[in-house]
Amino acid sequence: MIRSEILRDIAPVIRDQLVVCNIGLPSQELHMIDDQSSNFYMLGTMGLSSSIGLGVALAQDKKVISIDGDGSVLTNFGTLPTIANNVADNYILLIIDNGSYGSTGDQPTYAGMKTSLTAVAKACGCENVVECQAKDTKQALTDALAGDKMTIIVAKCESGNIKVPVITMDPVVIRDRFMKQVQA
Amino acid sequence: MSINTKIVDDFVANGVNFITTVPCKQLAGVIDEIEAREEIYHIPSNKEDEGIGLCAGAFMGGKRPAIIMQNTAIGVTVNTLVTLTQFYRMPLPMLISYRGELGEPVACQVEMAVHTKALLNQLHIPTYHFHKDSDADELDAILKHTFMCNKPVAILTDASFWKGY
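Chains as they are written, first to last, in the working numbering: chain A, 1 to 184; chain B, 1001 to 1165.
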């Protein structure tokens, strides 16, 4: 399975949740598969999906899912200690780990080589870290949503992309409709 | 009242309740004061762009955020300020220690100081400079201005303001 197949699989599970989605293809794919006003699409700023999602989770009580990638977590590695030390039990970080920088042409990341993001997250102090295969992501996410405990899911999948249109929605519209869902 | 208390009082009076910090020697007293206040969720970040991401999320979650950082951080936050805070139109007060100004003992700090205002100007970030005690009297108005206009706003605080090192 590739990332877009995971997104298609988990779409029914996340459609009623607050979702912060990573820059580039992940946001474009999720937007194409199941656009929801509760999705915050990142149009720029690689690496910050986990930080933005944690901020939303710490600020209010609704559950928040950050969809991130292995490359983006590597870009913002300092995020994992911050997450570990600021526990928000309404927060789930889903790292779709395809071992590559998908949006830029599938260049390999170190997470696809010697570096295990699961081990790193645990070493940083994250207490609930679940590594799963792509096909089990939907179940892992369902369990995490039911669990009321901050959870990091590392979903291992194959690299590869599908053709998707860019998101042309205005950023202020994305932000405004997301905030209305937070307040709803 | 100490200047640290006054600054944090102004934050609290303006509803600022989520503050991320990356330390600087000059800001140590403010950071201690923030940590001590129950009204504020204090979340230290490991890098300033990470902190700005946390602030963006907290704002969308209903909090009033702020970041405390050194001017050297302007170098690592340009992309985040432009593509996140400004692009999505979010307010962000940035209380910044302005290292490299008169009284600075570390030569390397001057290298970033000479670019600080130019970079903020290029980024069209409203910028205020606290040099003497009374300059801090404007903080309350600056915070109101920031949350009125939904922009990042920089408050540079130099060594003279902090009475040296």
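All residues carry an ideal CB built from backbone N, CA and C; glycine is no exception.
Outcome for residue i when other beta-carbon atoms lying within 10 angstroms are tallied against a minimum of 16
i: B/Ser1002; result: exposed
i: B/Pro1093; result: buried
i: B/His1124; result: exposed
i: A/Cys157; result: buried
i: B/Leu1102; result: exposed
i: B/Leu1055; result: Looking at the sequence itself, residue 1055 of chain B is Cys, so the reference to Leu does not match. Flag for B/Cys1055 reads buried.
i: B/Ser1203; result: Examination of residue 1203 of chain B is not possible in this model, given that chain B is present from 1001 through 1165 alone.
Residue i versus residue j - alpha carbon distance
i: B/Lys1163; j: B/Gln1070; result: 17 Å
i: A/Asp61; j: A/Asn90; result: 7 Å
i: B/His1129; j: A/Gly24; result: 37 Å
i: A/Ile162; j: A/Lys180; result: 31 Å
i: A/Gly160; j: A/Asp106; result: 7 Å
i: A/Ile10; j: A/Val64; result: 14 Å
i: A/Val130; j: A/Thr118; result: 7 Å
i: B/Leu1027; j: B/Lys1117; result: 19 Å
i: A/Ala185; j: A/Lys138; result: Chain A is shown only over 1 to 184; residue 185 of chain A falls outside these bounds and no answer can be derived.
i: A/Leu82; j: B/Thr1021; result: According to the sequence as given, residue 82 of chain A is Thr; it is not Leu. Roughly 12 Å between the two C-alpha positions.
i: B/Thr1085; j: A/Lys122; result: 31 Å
Residue-level contact to chain A via CB, residue i, 8 Å cutoff
i: B/Glu1039; result: no
i: B/Met1060; result: yes
i: B/Asp1009; result: no
i: B/Gly1075; result: no
i: B/Phe1130; result: no
i: B/Lys1063; result: yes
i: B/Phe1018; result: yes
i: B/Ser1002; result: no
i: B/Ser1160; result: no
Closer than 8 Å to chain B by CB, residue i
i: A/Ser27; result: no
i: A/Val172; result: yes
i: A/Ala59; result: yes
i: A/Ser51; result: yes
i: A/Asn161; result: no
Contact under 8 Å by Cβ, residue i with residue j
i: A/Ser50; j: A/Leu18; result: no
i: A/Ala59; j: B/Phe1018; result: yes
i: B/Lys1151; j: B/Pro1091; result: yes
i: A/Cys124; j: A/Ala84; result: yes
Chain-ordered chain C contacts of residue i [CB-CB under 9 Å]
i: A/Met150; result: Considering every chain present, this structure includes no chain C. Its protein chains are A and B.
### Query
Between the region 83-97 of chain A and chain B, which residues of the former have a C-beta closer than 8 Å to a C-beta of the latter?
Asn86
### Task
Taking only beta carbons into account, state which residues of the region 1078-1098 of chain B come closer than 7 Å to chain A, listed in chain order.
Asn1079, Thr1080, Thr1083, Leu1084, Phe1087, Tyr1088 and Arg1089
### Message
Short of 9 Å Cβ to Cβ, which residues in the region 1047-1059 of chain B face chain A?
### Response
Lys1047, Asp1049, Glu1050, Gly1051, Ile1052, Gly1053, Leu1054, Cys1055, Ala1056, Gly1057, Ala1058 and Phe1059
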